[in-house]
Every structure is written in C-alpha cells, then in structure tokens.
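Take 0 as the starting number for the sequence shown in numbering that gives the first Met the number 0 and just add one per residue. These notes concern the structure reproduced below.
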Amino acid sequence: MATVDKVLRWRRPTVPPWRSSSPDADAELAPLLAAYRSNQPRADTALITRAYHVARAAHEGQVRRSGDPYIQHPLAVAKILADLGLDDITLSAALLHDSVEDTGVTLEEVAAEFGDDVAAIVDGVTKLDRVSFDSKEAQQAATMRKMLVAMAKDIRVLLIKLADRLHNMRTIAALRADQQQRIAQETLDVYAPLAHRLGIAEMKWQLEDLGFATLYPKRYAEIEQMVSTRSPERDVYLAQVLEEVRDRLAELRISAEVTGRPKHYWSIYEKMVVKGREFNDIFDLVGIRVLVDSVKDCYAALGSIHATWKPVQGRFKDYIAMPKFNLYQSLHTTVVGPQGKPLEVQIRTREMHRRSEFGVAAHWGYKEHTPDTDTAWLQRIVDWQQETSDPRAFMESLKIDLEQDEVFVFTPKGDVVTLPAQATPIDFAYAIHTEVGHRCIGARINGRLTSLDTPLRSGDTVEVFTSKVAGAGPSRDWLKIVVSPRARNKIRQWFSRERREDAIENGRDELTKALRREGLPVQKVAASAVIPKVAEAMNYADLDALHAAIGEGHVSAKSVAQRIARELRGGDHEEQLPATARQPRPSRRKQTVGVHVEGLDDVMVRLSRCCTPVPGDEIIGFVTRGRGVSVHRADCANAASLVATNGDRL
C-alpha cells in the first residue's frame, strides 16, 4: 500500500510508485488521462500522474459521506476540468485541492514537488477552516474573499472551485437536509452566476438545475413532468423547422450545423416566477442554433432566415459586433416560424460556440493565460470587497453584483467604463473616483443635460459636474438610485464617517461638562496623559474612539469623568490635584430655584409647574409629603385651593 511518505520524494527518496503503479490505480486514472489527451493529444501526462498518486496516498482510508473512497472526488473534479480542455497544471491542482486542507500534506511540499503555480492554485482553493470565526456566515464571507483575491491572480482557482461545487452538487444527497439547503442556495446565488460570468454555459445550467432540484424538489418534479408530457409534440415541430433551415442554407452553399436548443428546468421556473409567464408560453417558444465557419456566413445565414420568416421587431441582437461582458458572441433573432409560432434563432461560428460553452476555460487549450479583459469584473469585485467589513453585507453585495449584466460607457476622453446594467451617472461618478462621486451634482449624457437617476446605456458618453463647495457630499436618496456595490458602499461609508465625527464632537463636549461637574481643571486634564490612559484601560483604541462611545451613548460621560478623577487622585501623576481642589463642588440644588426658606437650610424647594413663578413674583409655599416645599405664585388658582383645604401646610 502506497503511503504519503513513499509517494512524496522529499520525505523518502525511493523509486516513485507511479512508475510501477497498480492495475487498480491505472484503471482509476485512465478516464482522466483520456479526457486530457482528447483535447491535447501530444501533451505530457507525467505531472498529472504524480499528482494523482500523491492525492491517492494522502486520502488513503478517507471516505465521503456517500461511502465512496475520497479519491473519487478530486478525480471527478479533475475530469470535469479535463473535459473543458484545461492544462496539466490545473488538473494537478484539482487532484491535490483537498490534500492540504484534509490531510498531512503541506503547501511547501506541494510547491517542492509540483512547482509554485500548482501550490498557489491549491492555496487559493483551500478553505479557511483553521481560523476561528464568530459565525458560519463570517467564515463563508472570509473564505469567499480569499477565493476572490486568488481568482483575480489566477482564474484557474475559480475553475477548480466551480468543478468542485459541481461534483459536490451531484453527490449532495448524502448530506443532511439543512446542509443541502444551504449549499444549494449558495450554488444558485454565487457559483452559477460565477460560471455565467466566465461564459461556461454547460457548467452554469448544470449548477442551476442541481440547485433547483435540491431547493424545490416538488416544483422541479412538476416541471420535469410537464416537459416530458409536451416533448413529443414539440419535437415534431422542431424537426420540421430544422429541416427547412438546413435546406435554405444548403441552397446558399453555407456549411452549417443546425440543432435545437434544450430548455433547462431552472430557466423555465425563473421565467414562470419572475416574469409571470405560463408554462405553455415558455415551452412552446422553440429555439434553434446555427453554427457556421465564418462571420461572413453568420450574416448570410441571418439574411436567409429573415427572408424565410418574418422577423419580430425589436428582437434582433448583434453580439458579434458588440460582445457581452463575458465576451460571448452570437447573432440573436426571433422570427414568426411555421404555424405562426415564435422561433428563437442563435447564429455563430464554431469557435464562438466553443467559447460560449467553455468560456475562459477555452483559452487554456491554446494560450498561456486568459486576457485581462475577460476578468476585469473580477478585479472590480476584489476592489470593493476590501471596503466591506460586514459579512452579511459582503455576501449580499456579491450576490447582487454577480447577477447583474453590464453596460459599457465612455468618458469625454474616450476611456471605457464598465458598469452594472441600469447604472446611473452617480454610479459612473463613483467609478471614476470616490470624491467625484461625493461631489457629483449633475450630468450630461451624449451632450445633453440629464438627471442623476437616468439609466445609462452601452455606448453613452457621460460627463459629470461636481460641486466646489467645501464639505459637499452625497444625498441619502442616492442609495435608492445607485446599483453598483462600489457606489453603495462609498455612500454608506460617507454617512457612517459623518455620524462618527458628530458622535466624537458630542462626546468630547459631554466629557468636558462631566469633568467640570467633578471639579476638575479641564484644560490641565486635557493636556495630560491621563485621559488616553483611561481610554486604553477601557479598551478603546484612542481618544476619538472614547469620545465616539460617549457620543453614541455606549458609555456615560459621568462614569468616564469619575474614572479620570480616581486616576488623578490615586495615581502617580504630575498633574495630581491638591486635596481641596480634588473634591467635587458641594451640591447647591436647594439654592438653584432662587428661593430661601427662613430657618431651614436643608429643605428641598421646587417651583410649581402650574404657574411657574419667576423672580419678582409674590409667592407662597406649600409643604408637600416627601417632596419638600412647592412654590406657587400668590395669584395661582391651585394655590388658592390649597389655602382653602390645607391652610396648615402654608
């Protein structure tokens, strides 16, 4: 039996067992190597083979919840990536992605055996299980942050995470019901949109349908039943359409592959729930895909189809001339097909189709890395996630950002700015610079003045105007207008900072008053080191933090002042006060109303609220039970009543 010590050369310099592997290991590894060679026939498989044997030895004796040997999971993840055409470094990292997390293998050992690239990818995929978190939500957010940063450096980290999640969703039945619900929801909220962002359609719809089946099994079964019932009728109609399109293109001598487009269950469910459409309306909308050899043939095929069936106005999209944010390219049109039914048509080249199915993974078959333009959105996510400390807010913002499409607009100098769909000039201003956003007061779109809540469209040229007034800032109403996480976070930070500054100022004033009430010399105390010492003793980072806590009501100014007084009286300070000066001033509450009762020094005196006497008024006093002397004006109606009924208390 191979052990990690035998497999890892730096632990024991023996002949590596992969040179004379067992028949079981060969059979287990064969499907992965076959998938890899199908995309890269001349590639060397030595790195993948070594990684497999290290992973197999590291996971020896481990089983998954399903009861399968654990090695089946990294093998399945690597196989998914091999089918996408990924390179040997990615596949090796996929095989080892759980070794560092769940076994005794270290990152240093992975780097020594397989190189820094493999080790960096494995580190990016590894969860933060060894760190203590306040909640599961905080751990999820921290792990996602780490993954996003690693993904921005090397997109292969995300590809492995997506493949890992896809296999986990395929085997999710072995988990507890609550775990299934949490993982499936996260899959629909984060991982499926990430696959969409990368343009990997095949992985996106699988993640969506698996998440749908787990979260809503009854609804999934209902849609599955409706699809199977209607499929035969739909298939007959689809066959008629496909035959007619093939004949038309053959007449033009266009070499084309014409197929139907399957309807995925989650897509059907979303349209029924979000758009309120009936199942029959969705399922009857037949879609076909036309794959040709060149861009010229794309437009020729489009002309032929429009000549055959009448196009529906407003339903033509040219994503070849203007690709989507994930560089997806295709011609989309809807026509009135046979029997008057709407027919959706997608036309693209075979290379465009390959990219639409495999997304950025398509690059790794023939390029060293993916272009920066593919993942510019990822770097933006990394930028704003560093400004969001709250785990719940971070995950919610991530979900929103991933679900949004994008628009491309221009600055007056011609620079391109990418923003979420429905973005406004305010979002644009914050994308330029935080201060530009804070001071934004107006905008011009394509040379015309417009309001700040106007949605931007791709191709717009946007110019914003800023205020020169000192202290200018955003409006709270902007939070109802902006759609980009960056703008939303910056606006919230501004108001949070403003609230903190107000709290610091109020807290400083309250503490000053409290120090005076304690009989302390405020200026001398403020210039000393005693207040910072008290702040530190109370676990506040600095004086501002202490003042803010007082201003926000977290701690009373009186208690802080008393603590400062105790520190001065009992501590070893140059500014320690003499005994006479250290004593609080005696209370003069009995004199504060300006009334003296002859023969009594300690009696409580209060002014009656019914008549509120002021100096110069003729007054009378009424002795109350337990509340001292109540003072009334002589002409007070209540006083007259008291004289009549309780004259002995005057």
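Note that the Cβ used here is the ideal one computed from N, Cα and C, for glycine as well.
Taking the alpha carbon of residue i as the point to measure from, which residue in the options has its own alpha carbon closest?
i	options	result
L656	P261, L165, T48	Residue 656 is absent from the structure shown; the chain starts at 0 and stops at 649.
V156	L80, V415, F407	L80
R55	Q71, V408, D43	Q71
Y215	Q184, D234, R245	Q184
V684	R247, S266, G275, W265	Nothing in the structure corresponds to residue 684, since the chain is present only between 0 and 649.
G627	L606, F315, A643, V642	L606
V468	E434, P520, S483, V482	E434
S254	G550, S293, N488	S293
K340	F315, L326, N279, R349	N279
I199	L165, A50, Y539	L165
T623	M603, P322, T186	M603
K262	M225, I490, A173	M225
Q205	S230, L174, A162, R233	A162
L187	T213, L448, L32	T213
T307	Y327, R245, K557	R245
A299	Y429, E250, Q338	E250
N488	I425, S555, L237, R515	I425
A320	R347, V311, R354, T105	R347
N25	S37, V554, T44	Checking the sequence, you will find Asp at residue 25 rather than Asn. Closest by alpha carbon: T44.
D97	V311, A50, G66	A50
S558	D543, T511, P520, A526	T511
P520	R568, G506, D543	R568
What residues in its chain sit with their C-beta under 7 Å from that of residue i, if we drop five residues either side in the sequence?
i	result
S466	R438, I440
K203	A191, A194, H195
L158	L80, L85, T89, A360
A502	A547, G550, E551
V109	L95, V99, V117, A118, V121
M351	Q328, S329
Y219	F211, A212, Y264
With a threshold of 8 Å on Cβ separation, who are the neighbours of residue i within its own chain once the five nearest residues in sequence on each side are excluded?
i	result
D571	Confidence is the limiting factor: at D571 the pLDDT is only 48, short of 50, which leaves the residue's position unreliable, though a coordinate-based value still follows. Closer than 8 Å at Cβ, skipping near neighbours: no residue.
Q345	R260, G286, I287, R288, V289, S329, L330, H331
G552	none
V62	P68, Y69
E566	V529, K532, V533, H572
Y539	L545, A548
L174	R64, I182
E243	T307, P337
R349	E256, L290, V291, D292
Given residue i, which residues of its chain have a CB within under 6 Å of its CB, disregarding the five upstream and five downstream residues?
i	result
D342	Sequence check: residue 342 is Leu here, not Asp. Around L342: V285, V334, G336.
W9	Any reading at W9 needs caution, since the residue's pLDDT is 42, under 50, leaving its predicted position unreliable; the model's value is listed next. Counting only Cβ-Cβ distances below 6 Å, and skipping sequence neighbours, we find A111.
D634	none
A638	I619, H631
S131	Confidence is the limiting factor: at S131 the pLDDT is only 44, short of 50, which leaves the residue's position unreliable and the question unanswerable from this model.
A578	Interpretation of A578 is limited by its pLDDT of 44, a score under 50 that renders its predicted location unreliable; no figure is taken from the coordinates.
S640	none
L46	D87, S91
D296	I253
Is the Cβ-Cβ distance between residue i and residue j less than 8 Å?
i	j	result
A548	R499	no
Q179	I171	yes
T102	H58	yes
D459	I480	no
V524	R562	no
M271	L209	no
A29	K78	no
A513	G436	no
V482	T410	no
V121	A92	yes
F427	V415	no
E517	A564	yes
F650	Y268	Not covered by the structure: residue 650. The range shown for the chain is 0 to 649.
A556	E509	yes
A430	V463	no
L326	R354	yes
E223	Y264	yes
I'd like to know if residue i contacts chain D, where contact means its C-beta is closer than 8 Å to some C-beta of that chain.
i	result
L649	The displayed structure is made up of one protein chain only, and chain D is not part of it.
Exercise for review: Examine the Cβ distances between the stretch 420 to 431 and the stretch 451 to 471 and report whether three or more of them are shorter than 8 Å.
Suggested key: Counting Cβ pairs under 8 Å, three or more are found: they touch.
Point to revise | Sequence ranges, alpha helix (DSSP H) only - wholly within the stretch 299 to 361, length at least 4 | key: Qualifying alpha helix (DSSP H) stretches, in chain order: 349 to 357.
Practice item. Could you pull out every unbroken alpha helix (DSSP H) segment of at least 4 residues lying fully inside the stretch 434 to 516, listed in chain order? Key: Whole alpha helix (DSSP H) segments, 4+ residues: 484 to 516.
Point to revise | Meets three-Cβ-pair contact criterion under 8 Å: the stretch 489 to 503 and the stretch 467 to 474 | key: At 8 Å Cβ cutoff, the stretches touch.
Practice item. Could you tell me which uninterrupted alpha helix (DSSP H) segments, each at least 4 residues in length, are contained entirely in the stretch 58 to 119, listed from first to last along the chain? Key: Runs found: 71 to 82, 87 to 95, 98 to 101, 106 to 113.
Review point. Which residue spans inside the stretch 177 to 204 form an unbroken alpha helix (DSSP H) run of at least 4?
Key: If we require 4 residues or more, the alpha helix (DSSP H) runs fully inside the stretch 177 to 204 come out as 191 to 196.
Exercise for review: Report the residue ranges of all beta strand (DSSP E) runs contained in full by the stretch 225 to 274; include only those spanning at least 3 residues, in chain order.
Suggested key: For the stretch 225 to 274, whole beta strand (DSSP E) runs of length 3 or above, ordered along the chain, are 256 to 259.
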